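Visitor: One structure coming up, written as structure tokens, with questions to follow.
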Amino acid sequence: METPRWHIRFEERGEALAHAARCDGLFPLMTNDEGLSVAEALRKYKYQPFVEKRHEQLRGGFGVMTTWLENRLVAQ
């Protein structure tokens, strides 16, 4: 019984590589708040992980739960 052998072949596409190099490290940052400048939007985006971590700690680590009192949301 013969063992199949696979051969891999590739070729570089210079134009595609150049385009990928120009776009490397870029990503879109979109918001629906038209009042934010680009710098403010980026600052808020970078602060997001801190907010999410605090929320996780508030909900989990500290044993805080939310309750409804007179149509207001409060933390206990």
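When you read off a place in the sequence shown, starting at 1, and then add 68, the result is the number in the working numbering. Yeah, the Cβ is synthetic: ideal placement off N, Cα and C, and Gly gets one too. Small disclaimer: the values here were computed from a predicted structure and weren't measured.
1) Helix, strand or coil for E108? Go by DSSP, reduced to three states.
2) Which residue's Cα is closest to the Cα of A109: E120, T99 and A88?
3) Could you give the residue range of the alpha helix (DSSP H) that holds W87?
4) Secondary structure at L146, three-state DSSP: helix, strand or coil?
5) Quick one: what's got a C-beta closer than 7 Å to E80's C-beta in the same chain, skipping five residues either side?
Guide: Let me spell this out:
1) Here E108 sits in helix by DSSP.
2) Relative to the Cα of A109, the nearest Cα in the group E120, T99 and A88 belongs to T99.
3) The question names Trp, but residue 87 is His in the sequence shown. It spans G82 to C91 - the alpha helix (DSSP H) in which H87 sits, taken as one unbroken run.
4) This structure gives no information on residue 146, because the portion of the chain shown stretches from 69 to 144.
5) Cβ contact annotation for E80 (same chain, cutoff 7 Å, sequence separation greater than five): none.
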